[in-house]
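So the structure is just underneath, and the comments pick up after that.
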Amino acid sequence: MPEKKHSPLKLVFLAIIAGSVASSVFAGCGDGLVDQPASNRGSSASEPSGTSQSLQFSSGFDRVGLVTTTSQPTVEPPPVGDWPQLGGSSLRNNTPQTATLPSNWNVGKFDRRTGAWDKTTAKNVRWVANLGSQTYGNPVVAGDKVFVGTNNGSGYIDRFSAETDLGCLLAFDRATGEFLWQHSSEKLESGRVHDWPLQGICSTPLVEGNRLWFVTSRGEVRCLDTEGFRDSKDDGLAQPPEIVANPKEADVIWVYDMMAQLGVSQRNMAASSVTVLGDLLFVNTGNGTGESGEDLPAPDAPSFLCLDKSTGELVWADNSPGKNILHGQWSSPAVGVIDGVAQAIFAGGDGYIYSFQADRGVDGKPNLLWKFDCNPKESIWSIAGDGSRNYIIGTPVIDNKNVFVAVGADPELGEGEGCLWCISATLRGDVSPELAVRLEAGKQVPIEPKIPQAVDPDKGELAIANPNSAALWKYTGSDLDGDGKLGFEETLHRTLGTVVITGDLLYLVDLAGILHCVDVTNGKSGSPGLAKAHFTADLLAQTWSSPLVADGRLFVADEDGDIAIFSVGADGSEPIDEINLGTSLYTSPVAAGDTLYISGRDKLFAIGFPDDANKR
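Everything in the sequence shown is counted per this note's numbering, starting at 46 for the first residue and increasing by one.
See below:
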């Protein structure tokens, strides 16, 4: 199938569900125990843990149960007043503790020719900064700076004209919006198959102290000094004197090139947003299909990495999705400590969630704790977008020993069918709702994962209920009007975004622009294992971003440039206000201190009350 020549997913990654699951998913154990051939027990010494048959069922995990008992690092909340990574912390739940935030504002006007800001009519807007011509990265806030990924449309660096296509990470002064410095990534010579034009930096950076980590458009993990060369010191890799002398340039500490060093072939772009636990940094590589969308240039290249955050040294790599990558891998990892065990949780391009022990592993291999297939085994993958099998773009969120994730796909594949899962992170092995088997001599024999369909009933293959399933509940929509069917606004579609959880409420916006408020406790469901929505709301525009819950309100951005504001609550289905920013919004709003930060397509907005204003 020829490659589409218009823009690809342009992820927010934000990231972040596939078809309905057979009724047998939540059935009892029955005869679901699987006889596993001896040849499937464990992986070979040359394979990373969790590859090939070693991931089939719980008995095939190399080190399951051999959990390290040494003291584990803890997940720390972000510093007060900061929001230094995607979701604030490695748990990835976009719910900051803030001061009072505005419920209404006016961004003023912008000159159509020059882009200059006329703030005469502006209200509750502290500053506006110019970004590139396209922006898909979320801002982060740390100390006295704001950082965001974009392209080179503003031409801040003299050595590159604004017409030069680059991936750019920009630093701004938090108080004034003044531009401070820029990191510039030149485009890959291989072109759009790996580095789509004008998409810029889609990764949301991570900041700790005076260090920043992010993934470039070239598929590199880079560590930077947050001061750039404004301090006139070269703190890392040696750079030319003219770069060091320029306070607008970035100071690079180390680089890990995933394409050059691991043979990764990213699909259109690298979009993962890194996270850390202790001295370990975790990242999705972005390994994916080739130009046709149907070939896989590097099936043996890793999908999930752990690096030493101080040195950039490779700690371990895992290629669990292997040859079963459906399209691209644009999700980001989450890390949490659950029942005393640190878990690094990755969403794979095969539609699985993988949890590894978040430590240094053994001999360059991680300890796979569990895996979960988010697709029904009989679902079918289609590059045309009309299939029922999906992968995951949103980021897993960890809350109360559970993992929440919804499936999606490149928006060019359409709105499709969605499914949101609540998964217990306390079990081990293959914890999928179903297992794929075939009958041989009266025995159920496991089937290796495959494309386009894990189970083909026409070939005598079966999907059976998994007695070791960690699925607590799923959500595909709610019949809110009681007519016995799911209407458009009652249906969950594919999503690019990530859930946000506050108390017993979960919010998620799907690609179709439907906001879903779901009961996390599953206490109001009429069917065991099926979650119910308190309400849905149609934003009337496609939505690529994730919600923000702050100061008792929910903020949601859409492609039309609107921010819809809702009161947090099970009955808060009507927006308090809807404010247009005059530019498309593909990123998620964030809040830190007393300010909202929103990346528009070409502008960065800092929204907050004047110091002398009456709040609200």
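Think of the CB as a built atom: it goes at the ideal place given N, C-alpha and C, for glycine as much as any other residue.
Counting only unbroken stretches of 3 or more residues, the beta strand (DSSP E) elements lying wholly within the region 258 to 287 are 265 to 270, in sequence order. Separation of the CB atoms of S148 and I610 is rounded to 6 Å, and the pair is thereby assigned contact status at 8 Å. In this model, V319 and A387 are separated by some 16 Å (Cα to Cα). With contacts defined by Cβ atoms closer than 8 Å, T588 and G542 form a contacting pair. Looking at the DSSP output, N175 sits in a beta bridge with K648. Annotation for P250: V185, F192, L257 and F259 place their beta carbon closer than 6 Å to its own, counting only its chain and skipping 5 residues before and after. Taking a C-beta distance under 8 Å as the contact criterion, G177 and D163 do not qualify as a contact pair. Looking at the backbone, the Cα of A636 and that of S134 are separated by about 13 Å. DSSP places K410 in the strand class (E or B) of the three-state scheme.
Closest in alpha carbon position to F274, among G532, Q142, H228 and A379, is H228. DSSP assignment within the region 465 to 505 yields the following whole beta strand (DSSP E) runs of 3 residues or more, N-terminal first: 465 to 469, 479 to 485 and 488 to 491. With fewer than three CB-CB distances shorter than 8 Å, the region 486 to 497 does not count as touching the region 450 to 467. Taking M304 as the centre and dropping the five residues before and after it, the same chain places the C-beta of G264 closer than 6 Å to its C-beta, in chain order. Remark: C-beta atoms of G396 and L371 approach each other more closely than 8 Å. Following the DSSP letters along the chain, one finds A305 in no beta strand (DSSP E) but inside the alpha helix (DSSP H) bounded by residues M303 to L307.
When secondary structure is reduced to three states using DSSP, E358 falls in the coil class, being assigned neither helix nor strand. Here DSSP, grouped into helix, strand and coil, assigns L322 to strand. Annotated three-state conformation of F155 is strand, per DSSP. Three or more pairs of CB atoms, one per stretch, sit closer than 8 Å, so the region 421 to 438 contacts the region 501 to 512. Exposure of P292 is indicated by the presence of fewer than 16 other C-beta atoms within 10 angstroms of its C-beta. In this structure, DSSP gives G236 a helical state, which the three-state scheme calls helix. Taking C-beta separations shorter than 7 Å and ignoring five residues to either side along the sequence, the partners of P634 in its chain run L593, F600, A602, I608, L641 and I643, following chain order. By the criterion of at least three beta-carbon pairs nearer than 8 Å, the region 359 to 374 is in contact with the region 322 to 342.
Between T166 and V545, the CB-CB gap reaches or exceeds 8 Å. In the displayed model, G367 falls within a helix according to three-state DSSP.
F533 counts as exposed, since fewer than 16 other beta carbons sit within 10 angstroms of its beta carbon. DSSP lists I390 as the beta-bridge partner residues of A379.
Burial is judged here by how many other beta carbons sit within 10 angstroms of a residue's own beta carbon; E287 has fewer than 16 and is exposed. Per DSSP, the continuous beta strand (DSSP E) segment holding A582 begins and ends at A578 to D583. Contact between C467 and L517 holds, with the beta-carbon distance rounding to 4 Å and staying under 8 Å.
Only buried fits N364, as 16 or more other CB atoms lie within 10 angstroms of its CB.
One Cα belongs to N138, the other to P242, and the distance between them is close to 31 Å. Sorting N567, D564 and L553 by C-alpha distance to the C-alpha of D583 places L553 at the top. DSSP places F205 in the coil class of the three-state scheme, outside both helix and strand. Taking 8 Å as the cut-off, the Cβ atoms of K232 and D203 do not count as close.
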